[in-house]
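Undergrad:
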Amino acid sequence: MYFNFFKTYSPVKSILLAGVLLLSITAEASAQTIPSVQLKNLTGSTIDTGAIENDGNPVVICFWATWCSPCKRELNNYMDYYADWQEETGVKIIAVSIDDTRSTNRVAPYVMSSGWDFEILLDPAGDFKRAMGVINAPHTFLYDGEGVLVWTHNSYAEGDEEELYEELLKLVE
Amino acid sequence: MNKSIATIALGCIGVFFSGMSLAQTSTDPAPGIVTGNVSILFQSYQEDSLIGAVVPASKSGFNAFSNINYTQGNFSAGFRYESYLNSVLGFPGRFKGSGLGYRYARWVDKDKGVDVTIGNFYEQFGSGIILRSYEARNLGLDNALDGFRIILTPFKPLKVKMLYGKQRLDFDSKLINGDGIIRGIDAELSLNELIPNYANAKLKITPTYSFVSRFQDGGNIIKDTLILELPQNVGAWDYGVTMQYEMWKFGVSRTEKINDPSADNGYIYKEGEALMYFLTGNIKDLSFLLQRSTTDNMSFRSDRDLLLFDAPINNIPTITKTHTYNLAATLYPYATVINGESSFRGELYYNLKRGSKLGGKYGTKMNLVFATSYSLDTTNFGREEGRPDLVYGYQRNSWGFGDSLNVQDISFEIERKFSKKFKAKAMYMNLQFNTLATPVTTDFKGIVYADIFVLETQIKTAKRQSLRTEFQALFTEQDKGDWATVVAEYTWSPHWFASVIDQYNFGNPDEAKRVHYIFGSAGYINGSHRLSLGYGKRREGIFCVGGVCRAVPASSGLEMTFTSNF
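Here the protein sequences come in this chain order: A and B.
Read the first sequence against the working numbering and you will find it ends at 1145, with the numbers running on by one and no gaps.
Read the second sequence against the working numbering and you will find it ends at 1461, with the numbers running on by one and no gaps.
In structure tokens form, the structure reads like this:
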């Protein structure tokens, strides 16, 4: 029935079509911002992701997990450049761990030993992951100073940080 | 008929939200936002008698889903459309057809502390030991709740979640819920917020309390000469506290559950209990995690007669590390023994600093993980009067370890960046794995003793290009004998990748089974869109999640995956 969607006419289908079209029209005018979910950080404070801001500077949100090798490669590489990026663009990187109960307690010791300066948020039930539509980690989102999504990248390969850096520079030009 | 209803509902949702967003454009500055994702997995199969791969009647498998969410200000709603045409090998074959597998609407008033969800939702209370509804879509696991959830923050230190619902069990062109009804309440109190001037204190103390109850029609069961009544309402509760001082954190929780005769526990009337505690912290550059837990008869499902992946209400976290290297992760993955286990985990992380004599220019990271799990310390009841052996089964003598080893996993990892162009990582793992506790193989029953060695290297070959390799070996006298795996992956950032993996069972006692499982794949990534194509042999294997394992048959053929996020 669904596969012959456009070949046959029925009032039901036209309602569906109208709904979907209207949905896309109204959505077109809007920009994606960070959805609001309550998460804990590593010192036990509750953070509302909808209230994330960085004084008008860009924000990068990276989804990662202690069991995800490419995620750790990505964030370790970002760490090599983080001080320079902050100086040039004022960026703040927020690393959201999607480790569930099995491994969420490993996050703090891993982060401490890795010397990461990023803000770390814990998403053990995957609420923020779902709100952001993330299927696989790593998944990286770049928001401009107004909190509007400007760039996104799924997976990580060595050198992807150069593309992120170029995108960051575009925001401060 | 059902499809028509779903279609009308879908259309109406769209029209309704769109109309609302248009109507509010002039007064409400919050614009409507549509977000979502798509995931498609296609596999076509070939026969391969060497590895035991057979071709299903449909010759191919197709699993797909798409989440569509609409958000406007405090309001959000959405659905997931799913297809299993037919489901890929390894998924439950009863997942069939296309339709809505998840739909919800949610309204949040942050100022008044009210958050209401109707329809489907995922929820976790505390560690999840009495309630965790979640999804692991790649494993076919989804126990979403379907009903109502209200989260209230009546005053800032207190957050209360209340829910009522049924739980997803199956999919046949539509969502099919399980038999039982789940009711739950969870409260979290921030003592810091409660006491004036302590809101920003470094020491944070948070007590928690949760209660979950399941209702399912009862009846009687007959055991020998006994006629026993099944409890219709089964309650479980969990209370605990976490204390945090900067990066030091301690948590303890105690769980109890009333008698719940089930297929998992052999229909005994023993009560369930659990005790868990952990400590994390750091001393200079050394950080650590210590964790201890004992769980006894804590299996909890919507339907007492179901097993394995079906309708679990809770999740008992697995003690071992989630390994990522192929041989360490896929041959002997440990899964919690849900009827009871006593376990311990200790992890140490140390960083030799950048620029130090031993640490080198970029620093060197090391970590040591020790995890072990034993059976419970119990005594079985005898055939005494009243038959406690049939009614209660056993009694637990202590929270300590029993005599039978389930698993012992020790691994050491060291990682170093040598130059801008070269980094390497090495791992050694010593494993003792009881295949009677976690039945991952039918070839061997008992303890597998294995040593695993891994060397991973990464070389930057040109600007934005790199070659990553893994050399892995597993040595054991038991089960299928020795294995080796080689992985090579070449990436052209930010768009292209190609990789090949060869798993070789070179030490199989049966020479005919010394097979190479080679699988090659290549793909293209553009922003949040990812397409990959693969071809080769996939080994018969075991997927384990939340204490249960699913066997995935051997297969050979083509695979395509596409994921996208918008």
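Note that the Cβ used here is the ideal one computed from N, Cα and C, for glycine as well.
Computed from a prediction, not measured in an experiment: that's the story for all the values here.
1. Should G1415/B and S1427/B be called a contact, given that it needs their Cβ atoms to be closer than 8 angstroms?
2. Could you compute how far the alpha carbon of N1095/B sits from the alpha carbon of V1009/A?
3. Nearest CA to the CA of D1133/B: which residue from Y1104/B, S1188/B, V1264/B?
4. Between G1297/B and S1237/B, which are expected to be in contact by the criterion C-beta below 8 angstroms, what is the C-beta distance as a whole number of angstroms?
5. Please report the straight-line C-alpha distance between Y1245/B and T1175/B, rounded to a whole angstrom.
6. Name the DSSP bridge partner or partners of R1196/B?
7. Check distances from the C-beta atoms of the stretch 1081 to 1094 of chain A to those of chain B and list, in chain order, the residues that come in under 7 angstroms.
8. For K1358/B, is the classification buried or exposed, using 16 other Cβ atoms within 10 angstroms of its Cβ as the cut-off for buried?
9. Around the C-beta of F1183/B, are 16 or more other C-beta atoms found within 10 angstroms, so that it is buried, or is it exposed?
10. Just the C-alpha distance for T1137/B and T1101/B, rounded to the nearest angstrom, thanks.
11. What did DSSP end up calling T1330/B once you bin it into helix, strand or coil?
12. Just confirm the distance between the C-beta atoms of I1066/A and V1031/A, as a whole number of angstroms; I'd bet it's less than 8 angstroms.
13. Since I believe D1346/B is in contact with T1215/B (beta carbons under 8 angstroms), could you give me their beta-carbon distance rounded to a whole number of angstroms?
14. At the level of alpha carbons, what is the spacing between T1333/B and L1326/B?
15. Which word fits K1051/B, buried or exposed, when buried means at least 16 other C-beta atoms lie within 10 angstroms of its C-beta?
16. So, for W1378/B: in the same chain, excluding its five sequence neighbours on each side, which residues have a beta-carbon less than 6 angstroms away from its beta-carbon?
17. Roughly how many angstroms lie between the CA atoms of T1231/B and M1171/B, to the nearest whole one?
18. Within the 8 angstroms Cβ cut-off, does T1021/A reach chain B?
19. Could you check what DSSP says for T920/B in three-state terms: helix, strand or coil?
20. Between the stretch 1137 to 1146 of chain B and the stretch 1106 to 1117 of chain B, do at least 3 Cβ pairs fall closer than 8 angstroms?
21. Any beta carbon from chain A within less than 8 angstroms of F1183/B's own beta carbon?
22. If you measure beta-carbon to beta-carbon, which residues of the stretch 1410 to 1437 of chain B are closer than 8 angstroms to chain A?
23. Taking Cβ-Cβ distances below 9 angstroms as the criterion, which residues of the stretch 1124 to 1135 of chain A are in contact with chain B?
24. Is the beta carbon of A1131/B less than 8 angstroms from the beta carbon of D1200/B?
25. In chain order, what residues of the same chain lie with their CB nearer than 6 angstroms to the CB of I935/B, ignoring the 5 residues before and after it?
26. Using the Cα positions of E1454/B and Q938/B, report the straight-line distance between them to the nearest angstrom.
27. For chain A, check one thing: does any of its Cβ atoms lie closer than 8 angstroms to the Cβ of Q1019/B?
28. How about the stretch 1306 to 1316 of chain B and the stretch 1252 to 1266 of chain B: do they share at least three Cβ pairs that are nearer than 8 angstroms?
29. Counting only Cβ-Cβ distances shorter than 7 angstroms, please list the residues of the stretch 1296 to 1322 of chain B near chain A, keeping chain order.
30. Where G1117/A and D1027/A are concerned, what is the direct C-alpha to C-alpha distance, given to the nearest angstrom?
31. Tell me, which residues are paired with R1001/B by DSSP?
32. Spell out a yes or no on whether the stretch 1006 to 1019 of chain B and the stretch 1038 to 1046 of chain B are touching, meaning 3 or more CB-CB pairs, one atom from each, closer than 8 angstroms.
33. If you compare alpha carbons, which of V1335/B, V1382/B, G1341/B is closest to L1350/B?
34. Just checking: is the beta-carbon of Q1058/A within a distance shorter than 8 angstroms of some beta-carbon in chain D?
35. Could you work out which residues of chain A lie near G931/B, taking near to mean beta carbons separated by less than 9 angstroms?
36. For Q1398/B, which residues in the same chain have their Cβ closer than 7 angstroms to its Cβ, ignoring the five residues on either side in sequence?
TA: Taking the structure as given:
1. Here residue 1415/B corresponds to residue number 520 of the second sequence, with the count starting at 1. Here residue 1427/B corresponds to residue number 532 of the second sequence, with the count starting at 1. The Cβ atoms of G1415/B and S1427/B lie no closer than 8 angstroms to each other.
2. Residue numbering aside, residue 1095/B sits at position 200 when the second sequence is read from its first letter. Residue numbering aside, residue 1009/A sits at position 37 when the first sequence is read from its first letter. Each residue's Cα considered, the two are about 21 angstroms apart.
3. Taking the second sequence and counting its residues from 1, one reaches residue 1133/B at position 238. Comparing alpha carbon positions, the residue from Y1104/B, S1188/B, V1264/B closest to D1133/B is Y1104/B.
4. Walking along the second sequence from the start, residue 1297/B turns up at place 402. Walking along the second sequence from the start, residue 1237/B turns up at place 342. That pair is a contact at about 7 angstroms.
5. Reading the second sequence from its first residue, position 350 is the one you call residue 1245/B. Reading the second sequence from its first residue, position 280 is the one you call residue 1175/B. Straight-line Cα distance between these residues: approximately 14 angstroms.
6. Position 301 of the second sequence, counting from 1, holds the residue named residue 1196/B. BP columns for R1196/B point to P1207/B.
7. Listed in sequence order: P1081, Y1082, M1084, S1085, S1086, G1087.
8. Walking along the second sequence from the start, residue 1358/B turns up at place 463. Burial call: exposed.
9. Position 288 of the second sequence, counting from 1, holds the residue named residue 1183/B. Burial state of F1183/B is buried, judged by a 10 Å Cβ sphere holding 16 or more other Cβ atoms.
10. Counting from one through the second sequence, the residue named residue 1137/B turns up at place 242. Counting from one through the second sequence, the residue named residue 1101/B turns up at place 206. Answer to the nearest angstrom: the Cα atoms are 5 angstroms apart.
11. As a position in the second sequence, residue 1330/B is number 435, starting the count at 1. Coil.
12. For the purposes of this step, residue 1066/A is taken as residue 94 along the first sequence, with counting starting at 1. For the purposes of this step, residue 1031/A is taken as residue 59 along the first sequence, with counting starting at 1. With 8 angstroms as the limit, I1066/A and V1031/A qualify as a contact, their Cβ atoms being about 7 angstroms apart.
13. Taking the second sequence and counting its residues from 1, the one referred to as residue 1215/B is at position 320. Taking the second sequence and counting its residues from 1, the one referred to as residue 1346/B is at position 451. The Cβ separation is near 16 angstroms, so there is no contact.
14. Working through the second sequence from its first residue, we reach residue 1333/B at position 438. Working through the second sequence from its first residue, we reach residue 1326/B at position 431. Straight-line Cα distance between these residues: approximately 14 angstroms.
15. Taking the first residue of the second sequence as position 1, residue 1051/B is located at position 156. So K1051/B ends up on the exposed side.
16. In the second sequence, counting from the first residue as 1, residue 1378/B sits at position 483. If you ignore the 5 residues before and after W1378/B, its C-beta comes within less than 6 angstroms of the C-beta of L1222, L1369, N1400, all in its own chain and listed in chain order.
17. Counting from 1 along the second sequence, the entry for residue 1231/B is found at position 336. Counting from 1 along the second sequence, the entry for residue 1171/B is found at position 276. Between T1231/B and M1171/B, the C-alpha separation is close to 14 angstroms.
18. Locating residue 1021/A in the first sequence gives position 49, counting from the first residue. It does not; no Cβ of chain B falls within 8 angstroms.
19. The count along the second sequence starts at 1 and reaches residue 920/B at position 25. Any reading at T920/B needs caution, since the residue's pLDDT is 42, under 50, leaving its predicted position unreliable; the model's value is listed next. The answer is coil: DSSP assigns T920/B none of H, G, I, E or B.
20. The stretch 1137 to 1146 of chain B and the stretch 1106 to 1117 of chain B do not touch, with fewer than 3 CB-CB distances between them shorter than 8 angstroms.
21. Position 288 of the second sequence, counting from 1, holds the residue named residue 1183/B. Residue-level contact by beta carbon holds for F1183/B and chain A, with a gap shorter than 8 angstroms.
22. Per Cβ criterion, the list reads I1420, G1422, S1423, H1424, R1425.
23. Answer set for the stretch 1124 to 1135 of chain A: T1124, H1125, N1126, S1127, Y1128, A1129, E1130, G1131, D1132, E1133, E1134, E1135.
24. Looking up residue 1131/B in the second sequence gives position 236. Looking up residue 1200/B in the second sequence gives position 305. Not a contact, by the Cβ cut-off of 8 angstroms.
25. Stepping through the second sequence from its first residue, residue 935/B is reached at position 40. For I935/B, where only same-chain residues beyond five positions count, the Cβ hits under 6 angstroms are A959, F1457.
26. The count along the second sequence starts at 1 and reaches residue 1454/B at position 559. The count along the second sequence starts at 1 and reaches residue 938/B at position 43. Their Cα atoms are separated by approximately 4 angstroms.
27. As a first step, residue 1019/B is located in the second sequence; it is residue number 124 there, counting from the start. Yes, Q1019/B lies at the interface with chain A (some Cβ there is under 8 angstroms from its Cβ).
28. Yes: at least three Cβ pairs fall under 8 angstroms.
29. Close to chain A, meaning a Cβ-Cβ distance shorter than 7 angstroms, is no residue of the stretch 1296 to 1322 of chain B at all.
30. One-based indexing of the first sequence puts residue 1117/A at position 145. One-based indexing of the first sequence puts residue 1027/A at position 55. Roughly 7 angstroms separates the two Cα atoms.
31. In the second sequence, counting from the first residue as 1, residue 1001/B sits at position 106. Answer is S971/B, T1012/B.
32. Touching, yes.
33. Numbered from 1 along the second sequence, position 455 holds the residue referred to as residue 1350/B. Among V1335/B, V1382/B, G1341/B, the Cα nearest to that of L1350/B is on V1382/B.
34. This model lacks chain D altogether; the protein chains it does include are A and B.
35. Taking the first residue of the second sequence as 1, we reach residue 931/B at position 36. Those within 9 angstroms of G931/B in chain A are G1105.
36. Sequence index remark: in the second sequence, residue 1398/B carries index 503 (1-based). Within the same chain, Q1398/B has close Cβ partners N1221, W1378, T1380, Y1412, R1434.
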